[in-house]
Amino acid sequence: MPTAMLTGAVAYPLISYLSFITPYLIFTMLFLTFCKLPPRDIHLHPAHLWLLLIQLIGCLVTYALVQIYDPIVAQGAFMCVLVPTATAAAVVTGLLGGNVAFLTTYLMLCNTAVAIVAPLLLPLVGSHPEPFINVFLLICKQVGPILICPLLLAWLIRYTLPKVNEKLISIHNLSFYLWAVALTVVTAQMVNFFMKEETHNYKVEISLAIASLIICVSQFIIGRRIGRHYGDPVSSGQGLGQKNTILAMWMSQAYLNPLSSIGPATYILWQNIINSYQLWLRNKNTPKNIK
Numbered sequence: 544m545p546t547a548m549l550t551g552a553v554a555y556p557l558i559s560y561l562s563f564i565t566p567y568l569i570f571t572m573l574f575l576t577f578c579k580l581p582p583r584d585i586h587l588h589p590a591h592l593w594l595l596l597i598q599l600i601g602c603l604v605t606y607a608l609v610q611i612y613d614p615i616v617a618q619g620a621f622m623c624v625l626v627p628t629a630t631a632a633a634v635v636t637g638l639l640g641g642n643v644a645f646l647t648t649y650l651m652l653c654n655t656a657v658a659i660v661a662p663l664l665l666p667l668v669g670s671h672p673e674p675f676i677n678v679f680l681l682i683c684k685q686v687g688p689i690l691i692c693p694l695l696l697a698w699l700i701r702y703t704l705p706k707v708n709e710k711l712i713s714i715h716n717l718s719f720y721l722w723a724v725a726l727t728v729v730t731a732q733m734v735n736f737f738m739k740e741e742t743h744n745y746k747v748e749i750s751l752a753i754a755s756l757i758i759c760v761s762q763f764i765i766g767r768r769i770g771r772h773y774g775d776p777v778s779s780g781q782g783l784g785q786k787n788t789i790l791a792m793w794m795s796q797a798y799l800n801p802l803s804s805i806g807p808a809t810y811i812l813w814q815n816i817i818n819s820y821q822l823w824l825r826n827k828n829t830p831k832n833i834k
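According to our numbering, the stretch in the sequence shown is residues 544 to 834, in order.
What follows is the structure, encoded as structure tokens:
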């Protein structure tokens, strides 16, 4: 994973042009992950409610506290908490041995909730209120096809072509390598974003990077503690900590101060460092005959 991020950072002028393949990579990763997921395993869990409350209430509390220091940093911090869980979190959860069904259910719940609440909250922290339907449809358009379509396709193959489904399950390790490619491309996009900035307010930019680091680590820790109470720290940690940063950057640039998008942009780096460390730790502690 560090190699993937380093490659993306160094070769960003070339790799950033491959950003169009990211949705296809995520679709394929989710499809392979969902092939192992029976429909009967999708159901609500008490931990889902706690994660959602922390996300929706926490974004307002975070904004109120950080605004004392700087309004732009507060906007970036707000978005790092509010933005829904990344669809790729289901893939990482599977790689870490977590409950993919739990995470998939939370993905649906979380994205629906944010799609409804975001249009109501954005005018409170930004200067460009948008009609409710505009933000709602944006989130549905970004998340719906890439989450629902691979899920339905995987279930269709499970019940119509069981032998094909078994073959797909046997190559589940492919998701790891696809994620490495996706991580390389996303890192290149992040570096390209920074390099295209015409003017820099280094004090605010550094503050946004530090704020996003604190929020990222905090959300992973809080999520894992909630999950530990219910016997599944991995899934809750990924559900609260791994964010749809591309959507967050777009929403920040469109509805808040554009500079605040540096918060979600640097969150990409922090969450993937944490994911890389978790994968390394799991690989280190997993006996080779069980891999």
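Even for Gly, the Cβ is constructed at its ideal location relative to N, Cα and C. Everything numeric in this text was worked out from a predicted model, so none of it was measured.
One or two residues paired with residue i in a DSSP bridge
i: THR628; result: LYS786
Buried or exposed by the 16-neighbour rule on C-beta atoms within 10 Å, applied to residue i
i: ASP584; result: exposed
i: PHE737; result: exposed
i: VAL707; result: exposed
i: VAL635; result: buried
i: GLU748; result: buried
i: THR546; result: exposed
i: ILE833; result: With a pLDDT of 46 at ILE833, under the threshold of 50, the modelled position of that residue is not reliable, and no figure is offered here.
i: LEU625; result: buried
i: CYS692; result: exposed
i: LYS786; result: buried
i: ALA607; result: exposed
i: VAL657; result: buried
i: ILE615; result: buried
i: HIS591; result: buried
i: VAL668; result: buried
i: HIS588; result: buried
i: PRO627; result: buried
i: PRO662; result: buried
DSSP three-state assignment for residue i, whether helix, strand or coil
i: ASN826; result: helix
i: ASP613; result: coil
i: ALA620; result: helix
i: ALA552; result: helix
i: GLY601; result: helix
i: TYR773; result: coil
i: ASN840; result: The question about residue 840 has no answer here: the residues shown for the chain are numbered 544 through 834.
i: LEU695; result: helix
i: LEU751; result: helix
i: ASN815; result: helix
i: LYS834; result: Note on LYS834: pLDDT 46, under 50, position unreliable in the model; the coordinate value appears next. Reduced to three states, the DSSP call for LYS834 is coil.
i: LEU756; result: helix
i: LEU652; result: helix
i: LEU704; result: coil
i: LEU802; result: helix
Beta-carbon contacts of residue i that lie in its chain and below 7 Å, excluding the five residues immediately before and after
i: GLY640; result: VAL777, ARG825
i: LYS710; result: none
i: LEU595; result: LEU652, CYS653, ALA656
i: PHE621; result: CYS602, THR605, TYR606, VAL668
i: ILE769; result: ALA590, TRP593, LEU594, SER779
Neighbourhood of residue i by C-beta, 8 Å cutoff - its chain only, sequence neighbours within 5 removed
i: ILE817; result: CYS759, VAL760, PHE763, GLY784
i: ILE700; result: CYS578, VAL707, ASN708, LEU711
i: LEU726; result: MET544, ALA547, MET548, GLY551, ASN815
Other residues of its chain near residue i: CB distance less than 6 Å, five sequence neighbours each side excluded
i: THR647; result: ALA633
Q: Starting from the N-terminal side, write out each stretch of the alpha helix (DSSP H) that is 4 residues or longer and does not extend beyond the segment 708–743.
A: Annotation note: the segment 708–743 contains the following uninterrupted alpha helix (DSSP H) runs of length 4 or greater, listed N- to C-terminal: 717–738.
Q: Kindly provide the ranges of any alpha helix (DSSP H) runs that are 4 or more residues long and lie completely inside the segment 561–594, ordered along the chain.
A: Segments of the alpha helix (DSSP H) lying fully in the segment 561–594: 565–577.
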